[in-house]
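Here the structure comes first, spelled out in structure tokens, and everything after it is commentary.
Number of protein chains: 2
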Amino acid sequence: MERCKSVSTIQRMIGGKWKIEILFYIALKDVRHFGQLRRCIGNISESTLSKQLRELVADGFLTRTDFGEVPPRVEYALTPQGESFVPILLALKQWGEKELGL
Amino acid sequence: MERCKSVSTIQRMIGGKWKIEILFYIALKDVRHFGQLRRCIGNISESTLSKQLRELVADGFLTRTDFGEVPPRVEYALTPQGESFVPILLALKQWGEKELGL
DNA sequence: CAGGATCCCGGTCGATACTG
DNA sequence: CAGTATCGACCGGGATCCTG
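For the protein sequence lines, the chains are E and S, in the order given.
Under the UniProt record's numbering, the residue at position 7 of the first sequence is numbered 7, and the numbers go up by one with no gaps.
Under the UniProt record's numbering, the residue at position 47 of the second sequence is numbered 47, and the numbers go up by one with no gaps.
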């Protein structure tokens, strides 16, 4: 039986409780800032958002640009790898709306 | 900001550590039996496999058919909802192979 | 063979407080 | 504003044993 390493790796990368939702807002809603994300996503804590963002950066989905200004300004954006994941995000969203009626 | 309920719901349904892999084997490799799945999937415990299968059944992805025979024979198969998810599984697999080189 | 029951551990996530 | 630090609760998942 052919094993499928890619599937389990993806599951690990996007399996976090909020990962898909974070990517969704950044990719499809043009949300770029920490505070925006926190307000968009229901009831995520700051520490959790921070950690999941760092993991998404580490896994190559996002870039993090710190402008070194006061007040602080940081922008998150998709990497090419992240961009290539957008069709799947759209498919998931549309699947949920159609199959689950959400 | 438009909230996106469908995304978080999907994350909850397929966020389990082995969910995507289980669906992958049933959908694309025609694996139907408990023991087969356990052997295909690396190092999943029986109790965990059992629980995740039950959740996939409860969430409408799978059907479970118990033939009531001795020795026991049970078959898992995709529901129509599960079938409709197959394109996303394929997309995930192909994305992983292409972007991650797996 | 297909799993249920039980126990337990580790990691994830959340709440709170604090910083540059 | 954009986080980090710390702590603790919770629960998903693993190990083991048992059953029809």
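Ideal Cβ placement from N, Cα and C applies to all residues, glycine included.
Only a predicted model underlies this, so the values are computations on that prediction, with no experimental measurement involved.
Within-8 Å CB hit, residue i to chain E
i: Q81(S); result: yes
i: A91(S); result: yes
i: I88(S); result: yes
i: K51(S); result: no
i: I20(S); result: yes
i: G68(S); result: no
i: F24(S); result: yes
i: L102(S); result: yes
Sub-8 Å separation of residue i and residue j beta-carbons
i: G35(E); j: F61(E); result: no
i: I88(E); j: A77(S); result: no
i: K17(S); j: G15(E); result: yes
i: L56(E); j: K29(E); result: no
i: S50(E); j: E21(S); result: no
i: H33(E); j: E75(E); result: yes
i: E46(S); j: R38(S); result: yes
i: I10(S); j: G42(E); result: no
Chain S within 8 Å of residue i, Cβ atoms only
i: Q11(E); result: yes
i: S6(E); result: yes
i: L56(E); result: no
i: E46(E); result: no
i: G15(E); result: yes
i: E75(E); result: no
i: G35(E); result: no
i: L62(E); result: no
Integer Cβ distance of residue i from residue j, believed to fall under 8 Å
i: L102(E); j: S6(S); result: 4 Å
i: T63(E); j: T48(E); result: Actually they are not in contact, since the Cβ atoms of T63(E) and T48(E) sit about 20 Å apart, beyond 8 Å.
i: residue 162(S); j: F67(E); result: Examination of residue 162(S) is not possible in this model, given that chain S is present from 1 through 102 alone.
Distance cut-off 7 Å: residue i Cβ against heavy atoms of the ligand HEM
i: A77(E); result: Of ligands this structure carries none, so the ligand HEM is not represented either.
Give the list of continuous alpha helix (DSSP H) stretches no shorter than 4 residues that lie fully inside the stretch 6-83 of chain S. If we require 4 residues or more, the alpha helix (DSSP H) runs fully inside the stretch 6-83 of chain S come out as 19-28, 34-40, 46-58.
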